[in-house]
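J.:
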Amino acid sequence: MLKTLRRIVEEVYAAKSSNNALDILVERIRAAMDTEACSVFLLDHRRGQYVLMATDGLNKDVVGKLRIGLNQGLTGLIGAREEPLNLDNAPEHPNFYAAPGLNEETLKAFLGVPIIYRRRLLGVLAVHQGKERHFNEEEEAFLVTLSTQLAPILTRVDVSAMSPASSRRTDEATYQGVGSSTGVAIGTAVVVYPQADLSAVPDREVEDIDVELAEFETAIEAVRNDVRMMRERFATSLPPAEQILFDAYLGILDSNSLGGEISEKIREGHWAQGALRDVIQQRVRQFEDMEDEYLSERATDIKELGQRILARLQSGQNNKTDYPPETILIGEDLTAAELADVPQERLAAVVSLQGSANAHVAILAKALGIPAVMGAGEISLGEIDTKPVIVDGYYGQIYVDPPESLRKEFVYLAKEERELDASLEQLQNQPAETMDGFRMQMWVNAGLDSDASKPFKAGAEGVGLYRTEVPFMMRERFPTEQEQVTLYRQLLKAFAPHPVTMRTLDIGGDKPLSYFPVEEDNPFLGWRGIRITLDQPEIFITQLRAMLRANLGLNNLRIMFPMISNVGEFDDALTLVQQVYSELKEEYPELVMPKIGVMIEVPSAVYQARELARRADFFSIGSNDLAQYLLAVDRTNSKVANLYDTLHPAVLMAIRQAVKACHRAGKPVSVCGEMAGDPLAAVLLLAMEVDSLSSSAANLPRIKWVIRRFSLDQAKQLLRDTAAMESPIEIRAHLELALERAGLGGLIRAGK
Ligand code: PEP
Ligand code: MG
510 MLKTLRRIVE EVYAAKSSNN ALDILVERIR AAMDTEACSV FLLDHRRGQY
560 VLMATDGLNK DVVGKLRIGL NQGLTGLIGA REEPLNLDNA PEHPNFYAAP
610 GLNEETLKAF LGVPIIYRRR LLGVLAVHQG KERHFNEEEE AFLVTLSTQL
660 APILTRVDVS AMSPASSRRT DEATYQGVGS STGVAIGTAV VVYPQADLSA
710 VPDREVEDID VELAEFETAI EAVRNDVRMM RERFATSLPP AEQILFDAYL
760 GILDSNSLGG EISEKIREGH WAQGALRDVI QQRVRQFEDM EDEYLSERAT
810 DIKELGQRIL ARLQSGQNNK TDYPPETILI GEDLTAAELA DVPQERLAAV
860 VSLQGSANAH VAILAKALGI PAVMGAGEIS LGEIDTKPVI VDGYYGQIYV
910 DPPESLRKEF VYLAKEEREL DASLEQLQNQ PAETMDGFRM QMWVNAGLDS
960 DASKPFKAGA EGVGLYRTEV PFMMRERFPT EQEQVTLYRQ LLKAFAPHPV
1010 TMRTLDIGGD KPLSYFPVEE DNPFLGWRGI RITLDQPEIF ITQLRAMLRA
1060 NLGLNNLRIM FPMISNVGEF DDALTLVQQV YSELKEEYPE LVMPKIGVMI
1110 EVPSAVYQAR ELARRADFFS IGSNDLAQYL LAVDRTNSKV ANLYDTLHPA
1160 VLMAIRQAVK ACHRAGKPVS VCGEMAGDPL AAVLLLAMEV DSLSSSAANL
1210 PRIKWVIRRF SLDQAKQLLR DTAAMESPIE IRAHLELALE RAGLGGLIRA
1260 GK
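Each residue of the sequence shown is one higher than the one before, counting from 510 in my numbering.
Set out below in structure tokens:
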């Protein structure tokens, strides 16, 4: 049963469209359970009705047309109770409803299970049998397990698009993720699909069949060579009976077998990877269906060969990704490097199936000022490539193949967004001052965006955070002291005399260095940030020397330590700075000791802010990590992204407490996490009277606008209101209303 279950799930997930997936689903379940019928009803949440989406065994003519009420029939009962219903004789049940045209009244035995995804009811899956009988426990468990495993793919079906008047099915789909960088974009999907994952290969047509055939031949020949080498390598160590395996592999790859079939498909106009996917998947199914255990196991060999050929094909086409204008980059778990591969002027938005709003790829998108949606896990990469797509970074929605009416609406919203940004450019030389005269310093987080002119256009008054690990991550070895001097000096010079806050190397967590691997079970709680640099003083000292040397004659450098969790770490780090300073001072008498600060991003630093404030010159609150550690929510994990919220009362209370402790000691506090660029949070940070906000250059003018539209008194009232609230949802709703009332609605949704 387990094998059958796995196969059904694989086949449904490999389907070319959501509608195709539904048909496969009912057919395979009916066959596997040997029943007379299998049907699936999905809930149209908008209209509050169940829609028959597919059936095998009942009347197909009513698919897409038949709708039943929320509480109607056995389907309604299963949905309301959210539990399975197993009946020997369904028509005798008081809730039985003979839906017109479905013809189910002749069938007696019935087993129905709810389809639930992340606590949300999606619909009901049911099987019917002509005779009276009771489905046994194993059958019930089978259907429940299938329903759970298939639920994610069923979220993709746009039930409301099934017009009650027609059975026309549509492939346009809406996906939901977490809006992680605001803005809207309309463009073309370019999928960065996982290497050597056959099921993720999209469909594409080819223009030059000969080129495609030649690439396939090269790939298959390379795999043949691999196999021959394997055979030689094992010539003496494997018994002859086992060595036959390699001959079998070569046989499968032969042009009279698999190789020939794939070439044939390419000649029909499929690209090599798509042809390979189809042929391999078909063969795998054939082998898996074989009764003979030995032959059925050969399916694994075919899969293995398929992956190998795919890996060869992909390594050959790596560099030739075509990025159309308005590229919407989509990937399973997008990395900063994949994003950086796209020419900036062509990148319109990013969508990642995994990850959450505070993953560094989302932060990079914010820095570039493009919308991002993270955790859009239900998208099928194979279906979306090259399709027209709309991304709404405010609500985290992705529309694939949108209808013209929706496209027009978003074209209009995008135009309004551009107009809003253009109007905010006028604020460039205006101070970030509230209506009652409170002045906020507006700084930028630099280093992610290579366009150095953006902060100035945005009116930045300094750099609140320069993530020095970024240039380390772009290299294949540690940069030398001189390389670092050049880099840092460029930045210091560009901003002089304004302050530039450089954070010492913050690697570990989700920021690994390829050339300095750290393997840990809990990287966010492990060797990270200052912990690494204190343990590897040679790396730290080189960086500190470079920073101090770069600052010669400019004197606008501030140094800040990440991940400080106790005062001892600060003392040790400061000792190293003083040591470097003394050594360099002999060589460069004009050398100036920079101000030294601490990031408050670990809860223990909040509670020791007073002690730290006696030592440090300034503070910067890293709200991204602080929220992660306070709420015990991995900031990159899409499964718990709904729990990550910087407007959580505990996060707000911690920040308030830290700001107070630092101010009592007379030390300035900045906020440099993503909160500083969030218009809702910015109002509360203003109320706490933080000294500066450091956000991406793209967000800066928007935050300045917020500050200029409020008085400190109004902001303080909002802080008092929200301090009495218990949940982030309540707080968010209250702040959104306040922004709308202040005429700032354009900052929290698409449009002006
Ligand atoms: C933070 O944690 O808020 C922060 C600014 O640092 P990073 O996002 O680089 O970890
Ligand atoms: Mg951090």
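C-beta atoms are modelled at their ideal positions from N, C-alpha and C, and glycine is treated no differently.
Between the C-alpha atoms of Lys-896 and Ala-682, what's the straight-line distance to the nearest angstrom?
T.: 11 Å
J.: Quick one: measure Cβ to Cβ for Ala-728 and Arg-821, integer angstroms, because I've assumed they're closer than 8 Å.
T.: 4 Å
J.: Just to confirm the assignment, what range does the beta strand (DSSP E) spanning Asp-565 have?
T.: 558 to 565
J.: I'd like to confirm the pairing. Which residues does DSSP put opposite Arg-1012 in its beta bridges?
T.: Arg-976 and Met-1069
J.: Exposed or buried, what is Glu-1099 when buried is set at 16 or more other beta-carbons lying within 10 Å of its beta-carbon?
T.: exposed
J.: Whose C-beta lies closer than 6 Å to the C-beta of Ala-1136 among residues of the same chain, with five residues either side of it excluded?
T.: Thr-1155 and Val-1160
J.: Report the rounded CA-to-CA distance for Asp-680 versus Arg-665, giving the unit in angstroms.
T.: Note that Asp-680 has pLDDT 47, beneath the 50 cutoff, so the model's placement of it is unreliable and no number is given.
J.: Going by other Cβ atoms of all chains shown within 10 Å of its Cβ, with 16 needed for buried, is Ile-1238 buried or exposed?
T.: When all chains shown are included, Ile-1238 counts as exposed.
J.: If I measure Cβ to Cβ from Asp-842 and keep anything under 8 Å in the same chain, skipping five residues before and after, which residues do I get?
T.: Ser-861, Leu-862, Gln-863 and Gly-864
J.: To the nearest angstrom, how far is it from the Cα of Arg-1173 to the Cα of Gly-946?
T.: Rounded to the nearest angstrom, the two C-alpha atoms are 22 Å apart.
J.: Within 10 Å of its beta-carbon, does Leu-1246 have 16 or more other beta-carbons around it, so buried, or fewer, so exposed?
T.: exposed
J.: Around the C-beta of Asn-580, are 16 or more other C-beta atoms found within 10 angstroms, so that it is buried, or is it exposed?
T.: exposed
J.: Have a look at Gly-905 and Asp-735 and give me their C-alpha separation to the nearest angstrom.
T.: Rounded to the nearest whole angstrom, the C-alpha separation of Gly-905 and Asp-735 is 45 Å.
J.: Label Ala-523 either buried or exposed according to how many other C-beta atoms from any shown protein chain fall within 10 Å of its C-beta, with 16 as the threshold for buried.
T.: buried
J.: Pick helix, strand or coil for Asp-719, following the three-state DSSP scheme.
T.: Three-state result, Asp-719: helix.
J.: State the Cα-Cα distance for the pair Leu-567 and Leu-575, rounded to the nearest angstrom.
T.: 12 Å
J.: What is the chain-ordered set of residues for which the beta carbon lies under 5 Å from any non-hydrogen atom of the ligand MG?
T.: Glu-1110, Gly-1131 and Asp-1134
J.: Taking only three categories from DSSP, how would you classify Cys-1181?
T.: coil
J.: Could you check where the beta strand (DSSP E) with Asn-529 kicks off and where it finishes?
T.: Residue range 527 to 542 is occupied by the alpha helix (DSSP H) that includes Asn-529, with no beta strand (DSSP E) assigned at that position.
J.: Quick check: is the beta carbon of Ile-1041 nearer than 8 Å to any beta carbon in chain D?
T.: Included in the structure is just one protein chain, with no chain D present.
J.: Do three or more CB pairs link the stretch 1169 to 1186 to the stretch 1128 to 1147 at distances below 8 Å?
T.: yes
J.: Taking Cβ positions, are Ala-1059 and Arg-998 nearer each other than 8 Å?
T.: yes
J.: Using DSSP bridges, identify the partner residues of Pro-623.
T.: Looking at the DSSP assignment, Pro-623 forms a beta bridge with Val-633.
J.: Between Ser-1147 and Glu-1183, which are expected to be in contact by the criterion C-beta below 8 Å, what is the C-beta distance as a whole number of angstroms?
T.: About 16 Å; that fails the 8 Å criterion.
J.: For Ile-872, is the beta carbon positioned less than 7 Å from some heavy atom of the ligand PEP?
T.: Indeed, a heavy atom of the ligand PEP lies less than 7 Å from the Cβ.
J.: What residue does the alpha helix (DSSP H) around Asn-1133 start on, and which one ends it?
T.: Unbroken alpha helix (DSSP H) run through Asn-1133: 1132 to 1140.
J.: If you measure between the beta carbons of Ile-517 and Leu-655, is that distance less than 8 Å?
T.: Pairing Ile-517 with Leu-655 gives a Cβ-Cβ distance under 8 Å.
J.: Should Cys-1171 be counted as a contact of the ligand PEP given a C-beta to heavy atom distance under 7 Å?
T.: Every heavy atom of the ligand PEP is 7 Å or more from the Cβ of Cys-1171, so no.
J.: When you compare only the Cα positions, how much space is there between Asn-645 and Arg-629?
T.: 27 Å
J.: Here's a check: name, in chain order, each residue in its chain whose Cβ is nearer than 8 Å to the Cβ of Leu-1140, leaving out the five neighbours to either side.
T.: Leu-1152, Tyr-1153, Asp-1154, His-1157, Ala-1159 and Val-1160
J.: Tell me the residue span of the alpha helix (DSSP H) that contains Leu-1022.
T.: From DSSP, Leu-1022 is part of no alpha helix (DSSP H); its letter is neither H nor E.
J.: Which residue wins for smallest C-alpha separation from Leu-707, given the options Asp-850, Ala-731 and Leu-814?
T.: Leu-814
J.: Assuming Arg-807 and Leu-762 form a contact by the criterion Cβ under 8 Å, report the distance between their Cβ atoms to the nearest whole angstrom.
T.: No, Arg-807 and Leu-762 are not in contact; Cβ-Cβ is about 14 Å, not under 8 Å.
J.: Does the distance from the CB of Leu-1093 to the CB of Leu-1001 come in under 8 Å?
T.: no
J.: The ligand PEP heavy atoms versus the CB of Gly-1017: any closer than 7 Å?
T.: no
J.: So what's Lys-1176 in DSSP terms, helix, strand or just coil?
T.: Three-state result, Lys-1176: coil.
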